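Read through the structure below, which is laid out as structure tokens, and then see the notes.
Numbering (the numbering used here), first residue to last: 48 to 453.
Now the structure itself:
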């Protein structure tokens with residue numbers, strides 16, 4: 048999809064057996080300093096929500112062959128009482144466990160350490176992973192129940208009908224009202240809505256919070272994953288796998304790292320993977336062979352033609368169609384607008400993705416409007432499964448040696 052939607056003094060870390068003052072840390076891209084995120088600009092009315100959400104944010108380290116491989120963040124999303132103990136599930140990124148030479152392989156003899164906010168250390172066990180979407184779950188066992196995050200799916204459908212659009216003033220007021228709201232329906236996300244990326248620092252495991260806004264800009268071409276959305280928060284690489292929260296403290300996405308923004312995977316897609324994790328270790332992902340975005344991101348000229356001809360203000364715009372793909376074979380063309388999936392109208396990208404996710408291995412009917420056609424078109428497309436050759440490629444780690452004093 049085109050939407051790709053520390054404190055300055057670091058406390059001394061208790062050193063694990065075998066740790067040396069000079070440690071190898073893996074990172075993305077060229078040489079750069081370890082970034083410190085300034086959290087001082089967080090408004091006071093948001094701090095309580097952030098601190099409550101932070102109780103479920105943990106720090107993770109992976110080791111292979113006795114060598115530290117990666118450090119990142121994660122979110123406790125479940126806690127189950129089993130035979131007198133509690134098993135908690137942590138959502139994070141497969142970057143933690145992925146091989147540095149093969150993006151579709153897990154490190155041999157992987158070991159995972161999990162640090163809770165109170166610095167307690169637990170041994171983690173890899174329970175499931177998805178290389179395509181770069182997410183994984185890690186389990187830990189404790190004697191007491193641990194705090195869990197509240198997850199909330201996104202509604203990314205926006206109308207280009209002026210009568211249905213909130214004025215900027217109303218949106219600005221809504222964006223500043225941070226309050227808890229549990230067990231709510233999908234969160235309507237709009238460009239400019241305030242979000243916060245949470246994570247924990249390398250070594251100290253201290254909390255950082257990066258305030259930003261949801262953005263319509265595209266994510267970097269470094270990421271194959273077209274389902275990524277974008278926030279303009281700036282995080283450090285230790286924030287990979289951490290949560291993006293909305294103004295109610297609810298988790299709406301999993302964060303990844305780029306130098307000038309925070310790409311995040313919407314929790315809608317994460318939740319679908321988690322459900323399939325319960326059935327088998329890896330999820331089954333749909334593939335149609337086209338790039339999609341929401342209709343409201345089309346250029347103004349196309350919007351005028353679509354609205355005047357079809358009186359349609361919501362839908363999914365087809366930006367690219369891959370040659371030989373199921374989409375091309377079905378007759379879908381670049382510039383088409385998908386307005387129906389089966390018998391149901393399609394309001395936005397995430398809603399359409401939800402529709403095809405349930406149809407892998409089947410043929411479905413999609414309703415399409417096209418500038419050159421006077422009528423709605425009903426096309427039948429086969430929902431293929433993402434094969435290993437089509438799995439998203441993610442930036443591989445490179446090695447850099449940092450000296451940790453003390």
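Glycine included, C-beta positions come from ideal geometry on N, C-alpha and C. Computed from a prediction, not measured in an experiment: that's the story for all the values here.
Report yes if the C-beta distance between residue 411 and residue 384 is below 9 Å; otherwise report no.
-> no
Assign residue 373 to buried or exposed, taking buried as 16 or more other Cβ atoms, counted over all protein chains shown, within 10 Å of its Cβ.
-> buried
Assign residue 173 to one of two classes, buried (16 or more other C-beta atoms within 10 Å of its C-beta) or exposed (fewer than that).
-> buried
Helix, strand or coil for residue 356, going by three-state DSSP, please let me know.
-> helix
Just how far apart, CA to CA, sit residue 232 and residue 284?
-> 31 Å
Out of 421, 274, 262, state which residue places its alpha-carbon closest to the alpha-carbon of residue 308.
-> 262
Which class does residue 373 belong to by DSSP, given the choice of helix, strand or coil?
-> helix
What do you get for residue 434, buried or exposed, if any count of 16 or more other CB atoms within 10 angstroms of its CB means buried?
-> exposed
Spatial neighbours of residue 369 in its chain, beta-carbon cut-off 8 Å, leaving aside the 5 residues before and after | 336, 337, 375
Tell me whether residue 410 sits in a helix, a strand or coil according to DSSP, three-state version.
-> strand
Apart from the five residues just before and just after residue 272, which ones in its own chain have a Cβ nearer than 6 Å to its Cβ?
-> 439
Sorted by chain position, which residues of the same chain lie with C-beta nearer than 6 Å to residue 187's C-beta, five sequence neighbours on each side aside?
-> 135, 161, 169, 171
Starting from residue 279, trace the beta strand (DSSP E) both ways and give me its first and last residue.
-> Taken as a continuous stretch (DSSP letters only), residue 279 belongs to no beta strand (DSSP E), as it is neither H nor E.
For residue 204, I'd like the list of residues in its chain whose CB is within less than 6 Å of its CB, leaving aside the five on either flank, ordered along the chain.
-> 361, 394, 395
Within 10 angstroms of its Cβ, does residue 121 collect 16 or more other Cβ (buried), or is it exposed?
-> buried
Bridge partners of residue 335, per DSSP?
-> Answer is none; residue 335 lacks a bridge partner.
In terms of residue numbering, what span does the beta strand (DSSP E) encompassing residue 127 cover?
-> 114 to 129
Would you decide whether residue 392 is buried or exposed? Buried here means 16 or more other CB atoms lie within 10 Å of its CB.
-> exposed
Go to residue 315, then tell me how far its beta strand (DSSP E) extends in each direction, as first and last residue.
-> From DSSP, residue 315 is part of no beta strand (DSSP E) but of the alpha helix (DSSP H) over 314 to 324.
Classify residue 401 as helix, strand or coil using the three-state DSSP reduction.
-> helix
Report the residue from 116, 114, 242 whose alpha carbon sits nearest the alpha carbon of residue 301.
-> 242
So, is residue 423 buried or exposed, given that buried needs 16 or more other C-beta atoms within 10 angstroms?
-> exposed
Reduced DSSP secondary structure (H/G/I, E/B, other) of residue 244 | strand
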